Structure formats: structure tokens, C-alpha cells
Amino acid sequence: MTRWRLASSAVVVVLLAAHATSIQSSSYYNPFRKYTEQGCPIKSYGPCSKSKFRTIDGSCNNLRNPTQGTPNTKYNRLLPARYADGIHLPPVSVTGNKLPGARLVSIVLFPDKPIPDPVWTLSSMQWGQIITHDMSMAMGTTQTKPYANQCCSPDGRLQIPHDRAPAQCYPIEIPGDDPLYSKFGQMCMNFMRSTTDVDRGCAPPHAQAHEQMVTVTHYLDASLVYGSDLQTAAALREGNGGRLKVDVRGGRQWPPPAANKSATCANQDDDEPCYRFGDVRANQNPQLTVLQIILLREHNRLADTLRHINPHWDDERLYQEARRILIAEYQHINYAEWLPIFIGTKNMMKYGLLYKTDGYVNDYREDVDPSVINGHATAAFRYFHSAIQGQIHLISEKRSSYGALRLSDYLNKPGVIEDGDNMDSLTRGLATQNQEEVDPFLTSEITDYLFRNGMPFGRDLRAIDIQRGRDHGLSSYNDYRQFCGLPRAHNFQDFGDYISPENIEKIALLYDSPDDVDLVVGGSLEKHIKDTLTGPTFLCIMLEQFYRTRVADRYFYESGDPHVAFTPEQLREIRKATVSRLFCDNGDQIQYMQPEGFRVIGEKKYLAAAFKEIFPEAWRQEGSHFVNRVNR
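With mature numbering (1 follows the signal peptide of the UniProt record, and there is no 0) as the guide, the letters of the sequence shown map in order to residues -25 to -1, 1 to 607.
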């Protein structure tokens, strides 16, 4: 495969000029704000206190707009919705014809061609799933179990007629000559549309374009650890020493059991582990679950440390302080260690996402909406599905593989983690195994066998990505190209500035017009900008998203706001956080780890004890019994 790269990152300046003003302007203005401001009436909050600690549901982060970024609010948009009727019908071609089937597009443009990334480990891919689960979950979708409602006949051969199918049905058509599904007579893949503001009865049905809803907080606040509502958060707490609940088996801490195992996991035996976390998707695949366990253990490690140095603190204070530190560590890893891999350090510094400083960064903007951008969550971030490996290696302390798990065999089956040394072996695997290159190729484990649960076929994640973009009414790839500063394509050959001739030829066979090409399709085929893992269109969207996520968060860890800031000494300790340190501190018996867990290991191995350790003395509070509680 030819790796598509640009010769100079300087071209980013040109490509992103169209949105640079919205990022850097001192008076933030979203020209499409009228499409995002009208929404569901939400219960009012107020008055908000200037608490040191975040609320669980994200309310009162923005003191002027207390519900911004809270669960059950809408996605934002950079461009107007593209629906066939302007309201909610899925888009069609500009010619009036149907768009090409999502499964057909997946087969033609996104085959399985394994190419290991020579630089980045599988933990890079997996950490990205942590981030996206923290920020986004579309209401009405299921990412763990099959839909309860069916749009296809039980044998998968037919679509249920519209007059008898659930209203949200939008099944994926399977070609008659499909290389896999035709062997089993499958012609229909179940798919349900996301819930919108109109579906919830909080917007008039014919007055405006429908907007999809997010069920988790929009902030990078580790909601996947703590939950996005008070009921979930309370159920996860131990109620003693600020700790989260754990079960101890074999001398090791494991998450508590899920409240409803059958609705959460695909276990064959009731005794198999199925865990409860702050996010319902956390059991989805073993390595995601491993990272969730590591974050859970890190919270309890912090709570125990704080209790040791501040024995006068009560459970509430210990919980809030440990949560506050973990979120800060997590944000630091996201912005200082993970994002530079995917969108480039220079781009982050140029557009105000990253700073070279030992002090505070006071860039909070009350006028910026933190809501997750629909085009980011539903297209740009899904590009990185191509980095998923189909085989998950078990790695010994000597960094050699002694076995592998087939991904589709262990979806929603986390019990394998507790077998033998698998917790550490999978953790070492995250830091050892190469991720797949970020490119147009996806493992068949997710394009043919996703959630197969013992069947000879499963679902197609790339087809689902394409169908979801249409469901959400995302503007076309051509529209986003233009928004991001690229010239609008008037014919398919105009895509040649960033898409290969071979793929342009395939696109032209599938689509009637360059204005029809789906955002997730066109963006996933672009040549990469130098020193990033993405092309210019997705780079533009991601820079915009993570700028907003940073500056719209009053509690962002680098803030110097006296109401929420860490002390200078504490901030210096927070900046020592790395993903490798998390692995070392929270594995079972991990001894060796490279300094950069996202980077493929070099010739040297490093003792875990050799890494910089966060010094807890910065949090010692002599003689004080003050408890700063969250007001809500």
C-alpha cells in the first residue's frame, strides 16, 4: 500500500483558514448557531455555586448556561442538516436517486488489508474509544447488544414492510452477490435510527430539521468511570474512604457486577463476570474493559493515597478530590500525549489546543458551546475504526506473544480478563502490539463479524458508520471540504487533490454526483496531512471539536480560575501523568513498561518504578476538616 502523505504541514494553514477565525476570534460566532439553539426545554438549574468540584451531570460548568454539555441535550452542527425533505427523511442523491447502499460502499472502498502501524501501539486506538465514549453516545442507538426491535425478517432475507415495521427502522440493504452474507441468504441488516428532539416530543414535528441527542455529558470528565447522572454515580460508590465499589477475587480488585447482565453482556454462564461502570458500553471488547478497570483502580489508588495523607477528610471529600485528580490526569494524557499523535503537535499549538508552559492557561470561554459536533462523533472520529486489530495478543513480561484472542469471539464477554494473568497480558498487549495503520482498510472482524455471538456472520461497522451519518443528516463530504477551506469539487476528478485516482474511480462508480459522497467515506479516503493520522477535512473537524472541548470547560485542568484551579505544585504533579504510569500503577504485577505507552517499544525496557510518580504531598492539608461539596 502507498501511504498518502503531504510534503509539508504548512498546507494546514491554507486548508483550515475557513475555520481558523471561528477558533481564534475573540468574539466567538457560529454562523450556523440558528440550527443548534432551538431545542428541548430542559429543567432549569440555579443558582449555580462556584464549587471546586464538577457536578456529575456537567450542569453549572457554564454558569451563564447551566445546562450546556449535560446529558440528553443535542449534538451541535458545523453545517446544516442534510435530509431529503429538509426535516428528517434520510438523504438521497442530488439527482433524486437513492444513495448507494452502505454495505456496498463498505465492500468496494473499505476492504480488509492488514498493515500494522510501525510507530503506534494498540493502546493509541483503544484510548481513542475511551475518549469517544466519554463524550458521546447517541440516544436510541445500541453499541453493545442487538436491537430489541427488528426491521428485517427473522431469517434476514427480507425487510419488514414499512407499515408493519417500527417507525425508527432504516435497515441496511445487502447486495445479492455479497461476498459473505450471500452465503447465508442475508439481504437485510438491522438498523434503527437515533432518537431526536422531535421524537422526545420537545420540538414541533414539521417546523425544523430533527437533531439527535447525546445521553452522556459532552465534556472530557471521565463520565465513563463515574456516570453521567447522580443515580449511576451513587450506585458506583462504596461510601467509605472516597472509593468506588470493587469486588475482590484472587486478591485483585474487579468492578462490581452489572445490574442486568443479560442486557449488558453476551455471557453463556451466569457466573461469568459482567461489569458495571459509568458507561454501559464498557464491556464491549476486552481491551476497552481493561482500560476501564485501570481507570477505576486509579481512582481508588488516589482515594487511598489522599486518605493516608489527610485522615481527617471524610468520604465525600476524598471521593471528590480523587475524581478531580483522575479527570485532570486523563485530560492531560488526552491533550499532551494522545491528541498530538492524531492531529499533530504543531497544529494543536497553532490553534490553541496545546501550550508550552509550566503555569496556568486561562483560555476558558463562556461563549463557546461545548456540545459535541455531530460530524465529529458520527464521521471524523469513526475514521479511526481502521486502527482496530482483529487479533488481540496476550503479551508476557518479556514482551513476547504467547496467544491471541479473536476479537469477534470476545465482544461483550469480559470474563476472559480474569483468567490467569490476562489482565496484565492484555495491558502489556496494549503497549506492545501495533495498531493497524489508519487508512481505508478495516479488519473483517468488524466489517463481517461484528457482534456475531457464535454465528458465522455478524454486522458491518463501516456500513453502520455510513448509515449512521445518513440517519443524522450529515452534510456531504463536498460540503465539509468547502467548509474546511478546500475547493469545492464540481466533478469526481476534483477530489484528486487528496484522494487517489483508484479510489476516485470507485467513488464515481458508486455515487451519481460528487455532492452525494458521504462525509465518513470521503474523509476516510484522504491523504494524511504530514505529522498527523488524518486528512485535511477530518483534521479541520477534530481541531474545531477539541478546541471547543477545551475552552468551553470551566474546569479544564490547566485553568487558573481561583475557584477551580489546582495549586501550582499540584499542577506540576498532574503534568507527570502518562498512560504508561497508569498501566504500571494499576496492573496486577506489571514490572516493565516503555516511557511512552502509545509508541511501539524500542530496544530498552524501563522498570515501572523509574517513571515520574505523582507526589501526593502536594495535596496534604494539615488540620483542616473543611469539606467542599458539590451543590447538585
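Here a beta-carbon is modelled for each residue, glycine too, at the ideal position from N, C-alpha and C.
No experiment lies behind these values; they were computed from the predicted model shown.
| query | According to the neighbour-count rule (16 or more other Cβ atoms, all chains shown, within 10 Å of its Cβ), is residue 103 buried or exposed? | reply | It is buried - the Cβ of residue 103 has at least 16 other Cβ atoms within 10 Å.
| field | Cα-Cα separation, residue 562 to residue 336 | value | Distance between the alpha carbons of residue 562 and residue 336: 33 Å.
| said: By alpha-carbon positions, which one of 151, 153, 126 and 152 ends up nearest to residue 140? | reply: That would be 126, whose Cα lies nearest to the Cα of residue 140.
| task | Measure the beta-carbon distance from residue 344 to residue 43 and round it to whole angstroms, keeping in mind my assumption that it falls under 8 Å. | result | 6 Å between Cβ atoms; contact.
| request: Excluding the 5 residues preceding and the 5 following residue 33 in the sequence, name in chain order all residues of the same chain whose CB lies nearer than 6 Å to its CB. | output: Closer than 6 Å at Cβ, skipping near neighbours: 44, 45, 192 and 194.
| request: Could you tell me which uninterrupted alpha helix (DSSP H) segments, each at least 4 residues in length, are contained entirely in the segment 118 to 167, listed from first to last along the chain? | output: When DSSP assignments are scanned along the segment 118 to 167, no uninterrupted stretch of alpha helix (DSSP H) that is 4 or more residues long falls wholly within it.
| request: Evaluate contact between the segment 70 to 81 and the segment 277 to 297, counting only Cβ atoms and requiring at least three cross-stretch pairs below 8 Å. | output: Of all C-beta pairs linking the segment 70 to 81 to the segment 277 to 297, fewer than three are shorter than 8 Å, placing the two stretches out of contact.
| message | On the DSSP bridge list, what partners appear for residue 320? | response | Answer is none; residue 320 lacks a bridge partner.
| message | If you follow the alpha helix (DSSP H) that residue 280 is in, where does it begin and where does it stop? | response | Counting along the chain, the alpha helix (DSSP H) containing residue 280 begins and ends at 261 to 284.
| field | Buried/exposed call for residue 167, threshold 16 Cβ in 10 Å | value | Around the Cβ of residue 167, a 10 Å sphere holds 16 or more other Cβ atoms; the residue is buried.
| field | Reference residue 247, options 220, 230 and 536, closest by Cα | value | The candidate whose alpha carbon is nearest that of residue 247 is 230.
| residue 594 bridges to which residues according to DSSP? | Note: residue 594 sits in no beta bridge, so no partner.
| query | So what does DSSP say about residue 49, is it helix, strand or coil? | reply | Residue state, collapsed to three classes: strand.
| message | Is the beta carbon of residue 339 closer than 7 Å to that of residue 529? | response | In this structure, residue 339 lies closer than 7 Å to residue 529 by Cβ.
| Should residue 209 be labelled buried (16 or more other beta-carbon atoms within 10 Å of its own) or exposed? | It is exposed - the Cβ of residue 209 has fewer than 16 other Cβ atoms within 10 Å.
| task | Quick one: grab the DSSP three-state call for residue 95. | result | It is a strand residue.
| said: Please report the straight-line C-alpha distance between residue 490 and residue 183, rounded to a whole angstrom. | reply: C-alpha separation (whole angstroms): 23 Å.
| request: State the start and end residues of the unbroken alpha helix (DSSP H) segment that holds residue 307. | output: Looking at the DSSP string, the run of the alpha helix (DSSP H) that includes residue 307 is 290 to 307.
| To the nearest angstrom, how far is it from the Cα of residue 501 to the Cα of residue 274? | Going from the Cα of residue 501 to the Cα of residue 274 covers about 40 Å.
| message | I'd like to confirm the pairing. Which residues does DSSP put opposite residue 367 in its beta bridges? | response | As DSSP reads the structure, residue 367 sits in a beta bridge with 380.
| field | Beta-carbon proximity list for residue 543, same chain, < 6 Å, skipping 5 on both sides | value | No residues qualify anywhere along the chain.
| said: From the DSSP secondary-structure annotation, give me the bridge partner or partners of residue 574. | reply: In the DSSP assignment, residue 574 is bridged to 95.
| query | Taking the alpha carbon of residue 592 as the point to measure from, which residue in 244, 189, 547 and 206 has its own alpha carbon closest? | reply | Out of 244, 189, 547 and 206, the CA that lies nearest to the CA of residue 592 is found in 547.
| query | In its own chain, which residues sit with a C-beta less than 6 Å from the C-beta of residue 464, not counting the 5 before and 5 after it? | reply | Excluding sequence neighbours, residue 464 sits near 453, 470 and 489.
| In terms of residue numbering, what span does the alpha helix (DSSP H) encompassing residue 612 cover? | The question about residue 612 has no answer, for the chain in this structure spans -25 to 607.
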